[in-house]
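J.:
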Amino acid sequence: MSLKWVIVDILDKLGQSVCNDIGPNTALYIHCDVTKETDVENAVNKAVAKFVKVDIMINSAVVIDEAKQSILENEVAEFERVLRVNLIDVFLGTKHTARVMIPACQGNIIAVGSVSSCLGAGKEFFKMEDTEANSIYSNLKDRHLELQDVADALLYLASDESKYESRQNLLVDGGFTIPNPAFGLFARSDI
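The sequence shown begins at 51 in our numbering and counts up one residue at a time.
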């Protein structure tokens with residue numbers, strides 16, 4: 051049995067292009083604003099209509115607004131937009147996917163986030179350039195985060211090997227959140 055993919059996004063050309071690359075019989079693109087409940091409900095309904103069931107749901111939508119030096123410079127509308135995309139979409143995706151997974155007594159729902167959500171800060175806080183953000187401090191000497199590392203973590207969480215796990219924060223960060231010199235708590239290991 052081969053995997054079937056449902057790609058949802060508001061970027062129609064890119065979403066359709068990804069589906070074309072995967073294959074028209076294997077992938078379905080659905081326009082979906084993940085901050086709107088009717089769009090998310092519709093996307094799940096179309097996925098079930100086309101592929102009968104949903105085994106794996108990956109919530110990976112994220113938006114980052116420009117960092118401001120002072121909270122006084124932030125607008126409520128910008129803050130609400132970030133919350134809608136980064137938080138409400140996970141709730142809506144989980145709610146409507148669970149609606150079809152619970153009767154089947156199976157399925158994995160995965161929410162992808164940034165290590166910044168654990169720290170409450172991003173590259174701006176640590177004064178990093180774009181090139182440095184891809185090779186941030188790691189407790190794993192001479193190792194850097196690669197896309198395959200994230201893909202492997204998602205594959206594990208989506209697989210039967212993780213069937214008895216729930217509510218996990220699987221940090222794919224090379225130890226960044228543990229011995230971080232920016233906090234001055236621990237020194238880098240020479241191991």
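By construction, the Cβ of each residue, glycine as well, lies at the ideal position given by its N, Cα and C atoms.
1) Since Asp83 and Ile108 should fall inside the 8 Å C-beta cutoff, what is the C-beta to C-beta distance between them, to a whole number of angstroms?
2) Is the CB-CB distance between Asn92 and Ile80 below 9 Å?
3) Quick one: is the Cβ of Asp139 within less than 8 Å of any heavy atom of the ligand GDP?
4) Could you check how far apart the C-beta atoms of Asp139 and Thr88 are, in whole angstroms? I think they sit under 8 Å.
5) Tell me whether the stretch 98-117 and the stretch 133-149 touch, counting them as touching only if at least three CB pairs, one residue from each stretch, are closer than 8 Å.
6) Compute the distance between the beta-carbons of Leu204 and Val162, then report whether it is under 9 Å.
7) So, is Leu122 buried or exposed, given that buried needs 16 or more other C-beta atoms within 10 angstroms?
8) Taking the Cβ atom as the reference point for each residue, do Asn136 and Leu207 lie within a distance shorter than 9 Å?
9) Can you tell me whether DSSP reads Lys54 as helix, strand or coil?
10) Out of curiosity, what's the CA-to-CA distance linking Leu64 and Val56?
11) DSSP has Ile108 in a bridge; who is on the other side?
12) Check whether chain B comes within 9 Å of Lys145, counting only Cβ atoms and requiring the distance to be less than that.
T.: Straight from the coordinates:
1) With a Cβ gap of about 17 Å, Asp83 and Ile108 do not count as contacting.
2) Closer than 9 Å, so yes.
3) Of the ligands one can find in the structure shown there are none, so the ligand GDP has no counterpart to examine.
4) For a cut-off of 8 Å, the C-beta gap from Asp139 to Thr88 is around 13 Å, too long to register as a contact.
5) yes
6) yes
7) exposed
8) No, the Cβ-Cβ distance between Asn136 and Leu207 is not below 9 Å.
9) coil
10) A straight line joining the alpha-carbon of Leu64 with that of Val56 spans about 13 Å.
11) Ile160
12) In the structure shown, chain B cannot be found, because there is only a single protein chain.
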